[in-house]
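Numbering (this note's numbering), first residue to last: 6 to 352. Ideal Cβ placement from N, Cα and C applies to all residues, glycine included.
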Ligand code: PHE
């Protein structure tokens with residue numbers, strides 16, 4: 006039995022060397038001196054020994070138990086010291102402020118869109134919205150496009166291959182269908198702007214298949230084209246900080262009559278200081294978009310009496326506005342999603 010005791014002690018000391026954590030140390034302790042441990046097992050046999058043997062073996066047993074306990078304590082202290090040393094040896098400075106993930110910034114088009122909304126809101130316009138997937142009827146027919154109008158051609162319009170509810174659907178090619186949505190079932194006055202994404206099958210240096218427009222619509226009794234011009238001048242004053250001249254050039258859109266291209270005096274020419282302005286290329290004017298007086302056929306399509314009400318509408322590109330604000334040379338940069346480009350903007 007003495008031999009067994011000695012052998013168990015050796016086995017314990019050998020195992021102790023391999024112990025690397027407090028949990029493993031505890032397991033080791035249990036398997037030797039726990040309730041069912043091997044050393045504890047030996048002590049249970051004391052009763053079978055003679056008095057002398059019991060005395061001698063008991064003494065040895067206590068000595069070995071003491072050694073084991075001391076070894077356990079020693080190893081536990083070592084492990085704790087090592088852990089503490091590791092902790093203190095860490096190079097991180099826990100008092101340093103944490104590294105924050107990059108915060109990102111708004112896209113220049115979002116910034117421009119919000120600024121436009123802000124300006125028109127203050128001028129008394131409500132913000133209206135419409136879906137990107139639009140009834141062909143709202144995108145074209147109700148806006149007085151004849152069934153054979155070339156803009157309805159597949160080349161320009163993304164047709165949605167799903168006739169939900171038996172209706173033709175398209176990706177809206179402009180924000181003008183929001184005119185229809187905001188007049189249907191409503192009695193004027195109507196005064197809204199409708200910013201948002203539009204889609205056309207175009208893709209080159211100056212055209213993206215997805216771009217952004219802002220629509221304006223004002224319908225009431227006695228509204229004239231003079232109101233349109235005055236509103237646009239007031240808009241430039243609020244947006245660019247000084248009133249810019251507005252030029253209307255005769256043009257054609259099926260849903261307005263008369264129709265006009267809407268130009269704004271170039272706000273950047275001053276900066277050119279004698280040399281040719283790089284923004285308007287010396288023209289002095291910047292083309293914003295289309296405009297005109299709401300066509301009577303549009304009023305009829307939405308149940309507004311054209312004998313009682315008149316109105317004007319405009320629609321222009323937000324992307325171009327953002328390019329002007331930030332002097333972005335290439336339209337495609339705005340949709341590439343390159344963070345190096347986006348990082349240049351703050352708001
Ligand atoms: N919807 C026209 C376009 O996308 C612009 C426009 C809007 C013209 C309102 C007249 C009135 O080109």
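For the segment 179-251, the full-length beta strand (DSSP E) segments reaching 3 residues or more read 195-204 and 215-225 along the chain. The shortest C-alpha to C-alpha distance from residue 220 to any of 138, 134, 32 and 331 is the one to 134. Between residue 319 and residue 189, the C-beta gap is not smaller than 8 Å, which leaves the two residues out of contact.
The C-beta distance from residue 263 to residue 298 rounds to 6 Å, short enough to fall under 8 Å. Taking the CA atoms as reference points, residue 323 sits about 22 Å from residue 148. Between residue 231 and the set 327, 253 and 215, the nearest pair of CA atoms involves 253.
A Cβ-Cβ contact shorter than 8 Å links residue 51 with residue 63. With a threshold of 7 Å, the Cβ atom of residue 297 counts as near ligand 1, since some heavy atom of the ligand is closer than that. By the neighbour-count criterion, in which a residue is buried when 16 or more other Cβ atoms sit within 10 angstroms of its Cβ, residue 181 is buried. Taking non-hydrogen atoms of ligand 1 into account, the C-beta of residue 97 is found less than 7 Å away from none of them.
Unbroken beta strand (DSSP E) stretches of 3 residues or longer found wholly inside the segment 273-321: 290-299, given in chain order.
With a cutoff of 8 Å on beta-carbon distance, residue 30 and residue 85 are scored as not near each other. In the three-state scheme derived from DSSP, where H, G and I count as helix and E and B as strand, residue 254 is classed as strand. The beta-bridge partner set that DSSP reports for residue 165 consists of 174. Secondary structure remark: continuous alpha helix (DSSP H) runs of at least 4 residues inside the segment 17-46, in chain order: 27-38. Under DSSP, residue 138 forms a beta bridge with 176. In this structure, DSSP gives residue 72 a helical state, which the three-state scheme calls helix. The Cβ atoms of residue 240 and residue 272 lie no closer than 8 Å to each other. Between the segment 325-332 and the segment 98-117 there are three or more inter-stretch CB-CB distances shorter than 8 Å, so the stretches are counted as touching. DSSP places residue 266 in the strand class (E or B) of the three-state scheme. From the listed residues 137, 150, 23 and 227, the smallest Cα separation to residue 217 is found for 137. The beta carbons of residue 11 and residue 37 sit no closer together than 8 Å.
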